Ligand SMILES: [Zn+2]
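Residue numbers (our numbering): 9 to 469.
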């Protein structure tokens, strides 16, 4: 009997909500198979904690910065100066450019669909390597998604996804990646603990029950790893702080989606999530470093970090040293090869101890897991190493998002930031002892590869 992996991506599930519902007996199948008989932990997603880019660690074992996919929208300054209308000067996966996502992925990091022949996909937007006949929701997805959005009929999408998952079990899969989108949608539309959101968790729970029964009936349960995780948490939004408008008020001509035709723009503002943004200054083609940035744009930046909607910003001191700054001062994250160091200088935006020395990815992870910015050191590294992170990265304060208009329905929930409420994710498996401690989402990828081939230890951070 060949081994298989069934991956439930419960989009936007918060670990505290999921584990509380399970404890209360509202998710009996998850409680029994994934918590009591399996293993579970709290993990971390990536920065930005936004749908799409945050699937990459699960599917490829690498971070958004590794692929140059630094958000659901990004701006590439060097490409912009090479030719504004070039295909790679900017991107928004929200519209027709969604189809470029697969192409934009770095082929150095193949996805699980490229690694395994019998990979099946349900609703996930990253279909690189999925055989057309294995993309089980290709037909009808757009209609279902449109109805879900405009008529608020979210749950029909998850029910349909579950049907497709049951179908997949008859096709001898090695790997099924099934997205259940309603927890995210309901959380955005209502609240992350609204009754409708909780019902969305229950749909997933019932699906687990049916899948387990079917696998047992087929004699395949012992050889199957069921994984459940989310791509980000979510907080409720009380105030919209429009990033583009801030820079307009500061006297800049702003290039942003959907207004990308702006004549002689001075700053490019790109939002993801909606609690994550990048700002790129267009008065020089090189990436800015601290000294020159503060000399030329310091006044506006001083005001910017005072905004209650801005939690902290990050910019470069050099190619390998990054400044994290909030209204109270700065800290530095320095990178040396595959090690990082955190030093509070004029402030301590992450509220953590200095590392005193360069530490590897493991120590960096535990150093700040329990802080307000879990995995902050490594996440800043992976993001800022990509030029598509712009001159300045912005992480919104909890309760704020960075856009004011165009969203329909209006967003009452946000994610995308580096705050623990967005970064912490539930991670559960139906096999015991696999999750003795918290892990990054990239490790889930490694776990999947190890399950399918125990000799395969080829994975990344
Ligand atoms: Zn999501």
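Yeah, the Cβ is synthetic: ideal placement off N, Cα and C, and Gly gets one too. Keep in mind it's a predicted model, so treat the numbers as computed, not measured.
- Straight-line measurement puts the Cα of residue 229 at about 45 Å from the Cα of residue 246.
- Of the residues 120, 117 and 150, the one whose Cα lies closest to the Cα of residue 131 is 150.
- Taking a cut-off of 8 Å for Cβ pairs, the stretch 34 to 54 and the stretch 206 to 218 touch, as three or more such pairs fall below it.
- Note on geometry: alpha-carbon atoms of residue 226 and residue 325 lie some 58 Å from one another.
- Remark: C-beta atoms of residue 233 and residue 438 approach each other more closely than 8 Å.
- In its chain, beyond the 5 residues on either side, 10, 11, 12, 13, 124, 125, 126, 127 and 460 have a beta carbon closer than 8 Å to the beta carbon of residue 182.
- Going by DSSP, residue 453 is part of the alpha helix (DSSP H) stretching over 449 to 460.
- With a cutoff of 7 Å, residue 59 counts as near ligand 1, since its C-beta is closer than that to a heavy atom of the ligand.
- Exclusion of the five residues before and after residue 297 leaves 324, 325 and 326 as the residues of its chain whose Cβ lies within less than 7 Å of its Cβ.
- Counting the other CB atoms within 10 Å of its CB gives residue 62 a total of 16 or more, which places it among the buried residues.
- By the beta-carbon neighbour count (other beta carbons within 10 angstroms, threshold 16), residue 48 is buried.
- At least one heavy atom of ligand 1 sits closer than 7 Å to the Cβ of residue 239.
- Between residue 284 and residue 100, the C-beta gap is not smaller than 8 Å, which leaves the two residues out of contact.
- Counting only the Cα atoms, residue 248 lies some 11 Å from residue 316.
- Beta-bridge annotation (DSSP): residue 323 is paired with 331 and 400.
- Ligand 1 never approaches residue 84 closely enough for any of its heavy atoms to be under 7 Å from the residue's Cβ.
- Placement of the Cβ of residue 192 at a distance of less than 7 Å from at least one heavy atom of ligand 1 is found.
- Per DSSP, the continuous alpha helix (DSSP H) segment holding residue 88 begins and ends at 85 to 90.
- Under the rule that a run must span 3 or more residues, no beta strand (DSSP E) segment is found entirely inside the stretch 186 to 229.
- Residue 198 and residue 465 have their C-alpha atoms some 42 Å from each other.
- Cβ atoms of residue 52 and residue 430 stay farther apart than 8 Å, at about 10 Å.
- Under the three-state reduction of DSSP, residue 446 is assigned to coil, being neither helix nor strand.
- Remark: fewer than three beta-carbon pairs, one from each stretch, lie closer than 8 Å, so the stretch 62 to 82 and the stretch 253 to 263 are not flagged as touching.
- The C-beta of residue 59 has 16 or more other C-beta atoms within 10 Å across all chains shown, which makes the residue buried.
- Boundaries of the beta strand (DSSP E) harbouring residue 235: 232 to 237, taken from the DSSP string.
- A distance criterion of 7 Å places the beta-carbon of residue 19 in contact range of ligand 1, judged by its closest non-hydrogen atom.
- Residue 83 sits away from residue 339, with the two beta carbons spaced by 8 Å or more.
- Annotation for residue 339: the continuous beta strand (DSSP E) segment containing it runs 337 to 344.
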